[in-house]
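In the numbering used here, the protein residues as written are 4 to 326. What follows is a set of notes on a single structure, which appears directly below.
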Amino acid sequence: MSHIVFLDRNSLSRTTLIPEIASPHSWQDYASTRPDEVIEHCKNATVVVLSKVPITDQVLAACPAIRHIAVAATGFNIVDLNACRRRGISVSNVPSYASTSVSEHVINMALSLRRELIQYRQQVIDGAWQTSAGFCLFDKPVNDLAGSTMGIIGFGEIGQATARLAHALGMKIVFSARRPMRSGFAKQLDFAELITTADIISLHCSLNDSTRNLISSGELNDMQKHAILINTARGGIVDEPALVNALQTRQIAGIGIDTLLEEPPKDDSPLLQIAGLTNVIITPHSAWLSQQAMQKLADILADNINGFLSGKPQNLVGLNKTN
4 MSHIVFLDRN SLSRTTLIPE IASPHSWQDY ASTRPDEVIE HCKNATVVVL SKVPITDQVL
64 AACPAIRHIA VAATGFNIVD LNACRRRGIS VSNVPSYAST SVSEHVINMA LSLRRELIQY
124 RQQVIDGAWQ TSAGFCLFDK PVNDLAGSTM GIIGFGEIGQ ATARLAHALG MKIVFSARRP
184 MRSGFAKQLD FAELITTADI ISLHCSLNDS TRNLISSGEL NDMQKHAILI NTARGGIVDE
244 PALVNALQTR QIAGIGIDTL LEEPPKDDSP LLQIAGLTNV IITPHSAWLS QQAMQKLADI
304 LADNINGFLS GKPQNLVGLN KTN
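Put into structure tokens, the structure is as follows:
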């Protein structure tokens, strides 16, 4: 009988129900798992389920019963895929579950920043509207999304979902991707041209060696002064100190950030030092977590485990991918 452990069950809401696993098994939930607890929690596991707990070569060497790692997320860079391949351990992830949730979050950030919602809300709270001589306030110019250009870096499912929403609002869509792609309403540009062209830039690429610090001082300096940068992908894609400097020197107009380099961040995080600015929106890695998205994740996660246990694995990733 297979033994399944979920190393960080608190990465999903308790209201999210994981469907029953069909094959005979035992199941152990851990609310969270510290690095020094991973081996102990995994020592008898056949299947390891995790979201943010790193699985290293050392862990796999100490836990020879592991045959499958089911990542309860789309990103799987926390798993040592080379070590898994050497030991014949398959790895699955959960793709495409949060396309709607993340793309809506991006549009919400874009609307809030372009329409100065934070600034004007704060002025109402502070009493500026109540004491105004006129019926409205003109302190900050408000700009429509319609007619402006959305630049999308990474044109996978979430990038394309974001493009569809932005296009429906009347935006022009340009995108950058690793390979040539066709879109009925979006124009593919090379990365450098997109950076200088777009009014709003939204990041949707994965984090790897080629995308680490993809957006740094050079790219920020090349953006238009009125540009807004939105990152709902991974924190390491953006050079955080360079981003803070770009905001403080007004190289760009605003940022919407849902992912930081370190999560949860420490109090001295560079981005947290500017979180109170009205042209800055920082959310706590919440773009993905609509109730509907979390349940879809749980459903696909269970399907992945059932597929492995029945000899029909699905959603295999990286060096283990066979489908």
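The beta carbon of each residue, even a glycine, is placed where N, CA and C say it ideally should be. Here the structure is a predicted model, which means the values were calculated and not measured.
- Task: Report, in whole angstroms, the separation of the C-beta atoms of Val94 and Phe79, which I expect to be a contact under 8 Å.
- Result: The residue you call residue 94 lines up with position 91 of the sequence shown. The residue you call residue 79 lines up with position 76 of the sequence shown. The Cβ separation is near 6 Å, so the contact holds.
- Message: I'd like the list of long-range same chain contacts for Tyr100, defined as Cβ closer than 7 Å, with 5 residues on each side in sequence excluded.
- Response: Here residue 100 refers to the residue found at position 97 when the sequence shown is read from its first residue. Ala296, Lys299, Leu300 and Ile303, listed in sequence order.
- Between Arg118 and the rest of its own chain, which residues show a CB-CB distance below 6 Å, the 5 nearest in sequence each way excluded? By 1-based counting over the sequence shown, the position of residue 118 is 115. The residues are Val145.
- Burial state of Ile128, where buried means 16 or more other Cβ atoms lie within 10 Å: Counting from 1 along the sequence shown, the entry for residue 128 is found at position 125. Exposed: under 16 other Cβ atoms inside 10 Å.
- Task: Look up Met226 in the DSSP assignment and say whether it is helix, strand or coil.
- Result: As a position in the sequence shown, residue 226 is number 223, starting the count at 1. Here Met226 sits in coil by DSSP.
- Beta-carbon separation of His170 and Ile176 under 7 Å? Within the sequence shown, the letter at position 167 stands for residue 170. Within the sequence shown, the letter at position 173 stands for residue 176. Yes; because the gap between Cβ atoms is below 7 Å, this pair is in contact.
- Query: On the premise that Leu114 lies in contact with Leu148, defined as a C-beta separation below 8 Å, what is that separation, rounded to the nearest angstrom?
  - Reply: For the purposes of this step, residue 148 is identified with residue 145 of the sequence shown, where counting begins at 1. For the purposes of this step, residue 114 is identified with residue 111 of the sequence shown, where counting begins at 1. So it is a contact: roughly 6 Å between Cβ atoms.
- Starting from Val97 and walking both ways along the beta strand (DSSP E), at which residues does that stretch end? Position 94 of the sequence shown, counted from the start, is the residue given in the question as residue 97. No beta strand (DSSP E) holds Val97; DSSP gives it neither H nor E.
- Task: Could you tell me which uninterrupted beta strand (DSSP E) segments, each at least 3 residues in length, are contained entirely in the stretch 49-118, listed from first to last along the chain?
- Result: 50-53, 71-74 and 93-95
- Report back the beta-carbon spacing between His207 and Gly159 to the nearest angstrom; my notes put them in contact at under 8 Å. The count along the sequence shown starts at 1 and reaches residue 207 at position 204. The count along the sequence shown starts at 1 and reaches residue 159 at position 156. Yes, they are in contact, since the Cβ atoms of His207 and Gly159 sit about 6 Å apart, within 8 Å.
- Message: Once DSSP output is grouped into helix, strand and coil, what is the label at Ser29?
- Response: Taking the first residue of the sequence shown as 1, we reach residue 29 at position 26. It is a strand residue.
- Give the straight-line distance between the Cα atoms of Met112 and Leu53, rounded to the nearest whole angstrom. Position 109 of the sequence shown, counted from the first residue, corresponds to residue 112. Position 50 of the sequence shown, counted from the first residue, corresponds to residue 53. Their backbone Cα atoms lie some 29 Å apart in a straight line.
- Classification of Gln317 by the beta-carbon crowding that lies within 10 angstroms, buried from 16 upward: In the sequence shown, residue 317 corresponds to position 314, counting from 1. Gln317 comes out exposed.
- Query: Near Ala68, which residues of its chain fall below 7 Å by C-beta distance, leaving aside the five closest residues on each side in sequence?
  - Reply: For the purposes of this step, residue 68 is identified with residue 65 of the sequence shown, where counting begins at 1. Only Asn47, Ala48 and Thr49 meet the Cβ criterion.
- Message: With three or more C-beta pairs closer than 8 Å as the rule, is the stretch 81-98 touching the stretch 307-317?
- Response: yes
- By DSSP, does Gln170 sit in helix, in strand, or in coil? To locate residue 170, count along the sequence shown from 1; it is residue 167. Looking at the sequence itself, residue 170 is His, so the reference to Gln does not match. Looking at His170 - three-state DSSP - the assignment turns out to be helix.
- Boundaries (first-last residue) of the alpha helix (DSSP H) holding Lys269: In the sequence shown, the residue the question calls residue 269 occupies position 266. Run containing Lys269: none; DSSP gives neither H nor E here.
- Return the chain-ordered list of same chain residues with a C-beta closer than 7 Å to the C-beta of Ile285, the five sequence neighbours on each side being excluded. Numbered from its first residue, the sequence shown carries residue 285 at position 282. If we look at Ile285 and ignore the five residues flanking it on each side, its Cβ neighbours are Ile260, Leu274 and Ala278.
- Leaving out five residues on either side along the sequence, give the residues of the same chain with a beta carbon under 7 Å from the beta carbon of Gly321. For the purposes of this step, residue 321 is taken as residue 318 along the sequence shown, with counting starting at 1. Cβ neighbours of Gly321 beyond the five flanking positions: Phe79, Leu84 and Val94.
- Query: Which of helix, strand or coil does DSSP assign to Thr152?
  - Reply: Translated into positions along the sequence shown, residue 152 becomes position 149. If DSSP states are grouped into helix, strand and coil, Thr152 belongs with the strands.
- Query: Tell me which same chain residues have a C-beta within less than 6 Å of the C-beta of Gln251, skipping the five on either side of it?
  - Reply: As a working note, residue 251 is residue 248 in the sequence shown. Correct list: empty, nothing qualifies.
- Query: What residues in its chain sit with their C-beta under 6 Å from that of Ser104, if we drop five residues either side in the sequence?
  - Reply: Position 101 of the sequence shown, counted from the start, is the residue given in the question as residue 104. Result list for Ser104: Trp291, Ser293 and Ala296, in chain order.
- Task: Verify whether the separation of the beta carbon atoms of Leu197 and Gly257 is less than 7 Å.
- Result: Here residue 197 is taken as the residue at index 194 of the sequence shown, counted from 1. Here residue 257 is taken as the residue at index 254 of the sequence shown, counted from 1. No, they are not a contact pair.
- Task: Put Asn234 into one of helix, strand or coil per three-state DSSP.
- Result: As a working note, residue 234 is residue 231 in the sequence shown. Here Asn234 sits in strand by DSSP.
- With C-beta atoms as the reference, is Phe194 less than 7 Å away from Ser205? Stepping through the sequence shown from its first residue, residue 194 is reached at position 191. Stepping through the sequence shown from its first residue, residue 205 is reached at position 202. In this structure, Ser205 does not lie closer than 7 Å to Phe194 by Cβ.
- Where do the N-terminal and C-terminal ends of the alpha helix (DSSP H) with His44 fall, by residue? On the sequence shown, residue 44 is found 41 positions in, with the first residue counted as 1. Here the alpha helix (DSSP H) through His44 covers Val41 to Cys45.
- Message: Considering Cα atoms alone, identify which of Arg181, Ile58 and Pro287 is closest to Ser213.
- Response: Locating residue 213 in the sequence shown gives position 210, counting from the first residue. Minimum Cα distance to Ser213 is reached at Arg181.
- Message: Spatial neighbours of Glu265 within its chain, please: C-beta separation below 8 Å, excluding the five flanking residues on both sides.
- Response: For the purposes of this step, residue 265 is identified with residue 262 of the sequence shown, where counting begins at 1. So the list reads Gly238 and Ser272, once near-sequence residues are dropped.
- Task: Identify which residue in Pro38, Ser5, Ala34 and Arg17 has its Cα closest to the Cα of Ser26.
- Result: As a position in the sequence shown, residue 26 is number 23, starting the count at 1. Residue Ser5 is the option with its Cα nearest to Ser26.
- Spatial neighbours of Glu222 within its chain, please: CB distance less than 7 Å, with the 5 preceding and 5 following residues excluded, ordered by chain position. The residue labelled residue 222 in the question sits at position 219 within the sequence shown. Answer for Glu222: Ile198, listed in chain order.
- If we call anything under 7 Å between Cβ atoms a contact, is Val82 one with Leu10? Working through the sequence shown from its first residue, we reach residue 82 at position 79. Working through the sequence shown from its first residue, we reach residue 10 at position 7. Against a cut-off of 7 Å, the Cβ pair of Leu10 and Val82 comes out as no contact.
- Query: Looking only at its own chain, which residues have a Cβ that is under 7 Å from the Cβ of Val241, when we skip the five neighbours before and after it?
  - Reply: The count along the sequence shown starts at 1 and reaches residue 241 at position 238. Cβ neighbours of Val241 beyond the five flanking positions: Ile218 and Asn234.
- Got a sec: does the ligand PLP put a non-hydrogen atom nearer than 6 Å to the Cβ of Ile42? This structure simply doesn't include the ligand PLP, nor any ligand for that matter.
- Skipping 5 residues on each side, what residues in its chain have a beta carbon closer than 7 Å to that of His44? The sequence position of residue 44 within the sequence shown is 41, counting from 1. Around His44: Val8, Leu10, Tyr33 and Thr36.
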